[in-house]
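When the letters of the sequence shown are read in order and numbered with my numbering, they come out as residues 7 to 113.
Glycine residues also receive a C-beta, built at the ideal position from the N, C-alpha and C atoms.
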Amino acid sequence: MDFTLPEHLPGLLAEMDAFIEAEIKPLERENMQYFDRRREFARTDLDNGGIPARAWEDLLDEMRRRADKAGWLRYGLPSRFGGRDGSNLDMAVIREHLAHKGLGLAQ
């Protein structure tokens, strides 16, 4: 079995890493309360039955907006639906790559 990545994937992963560093990591740094020891209380509206806090949902919406604008949110969808025609192999490699980065908005 050949486990060599197709030629386009290393460059694609580098492109994604650059996007994460430029667009997603700054959001995390600006909103550390959602990623450190305070995260569960910051993410949860305890006074409203434990639903996700509006500010947390807004942060996720902003992350999704940036990812969509850069072509990552719908990467695996056909181009006619706004995707980049990413294959199942592409998506598996991307998920594995992101899993090794640790927790954060990019996962």
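Q. Of the choices Asp8, Leu79, Arg49, whose alpha-carbon is the least far from that of Leu65?
A. As a first step, residue 65 must be located in the sequence shown, where it is residue number 59. Among Asp8, Leu79, Arg49, the Cα nearest to that of Leu65 belongs to Arg49.
Q) So who's on the other strand from Pro32, going by DSSP bridges? A) As a working mapping, residue 32 is identified with position 26 in the sequence shown. According to DSSP, which records beta bridges pairwise, Pro32 is partnered with nothing at all.
Q. Hey, Arg90 and Leu83: beta-carbon distance below 9 Å or not?
A. What you label residue 90 is simply residue 84 of the sequence shown in a count that begins at 1. What you label residue 83 is simply residue 77 of the sequence shown in a count that begins at 1. Closer than 9 Å, so yes.
Q. When DSSP builds the beta bridges, which residues end up paired with Pro58?
A. As a working note, residue 58 is residue 52 in the sequence shown. Bridge partners of Pro58: Thr50.
Q) So what does DSSP say about Tyr40, is it helix, strand or coil? A) As a working note, residue 40 is residue 34 in the sequence shown. Note: Tyr40 maps to helix in three-state DSSP.
(Q) Within a Cβ cutoff of 7 Å, which residues of the same chain sit near Pro16, ignoring the five residues on either side of it in sequence? (A) Within the sequence shown, residue 16 is the residue found at index 10, counting from 1. So the list is empty, once near-sequence residues are dropped.
Q.
Rounding to the nearest angstrom, what Cα-Cα distance links Arg70 and Arg44 in this structure?
A. Here residue 70 is taken as the residue at index 64 of the sequence shown, counted from 1. Here residue 44 is taken as the residue at index 38 of the sequence shown, counted from 1. Approximately 23 Å between the Cα atoms of the pair.
Q) Cα-Cα, which of Phe47, Gln39, Arg86 is closest to Leu111? A) Counting from one through the sequence shown, the residue named residue 111 turns up at place 105. Minimum Cα distance to Leu111 is reached at Gln39.
(Q) Relative to the C-alpha of Lys75, which candidate in Phe25, Asn37, Ala20 has its C-alpha closest? (A) For this step, residue 75 is matched to residue 69 along the sequence shown. It is Phe25 whose Cα lies nearest to the Cα of Lys75.
Q: Mind checking which residues open and close the alpha helix (DSSP H) that includes His106?
A: Within the sequence shown, numbered from 1, the residue matching residue 106 stands at position 100. For His106, there is no enclosing alpha helix (DSSP H), as DSSP gives it neither H nor E.
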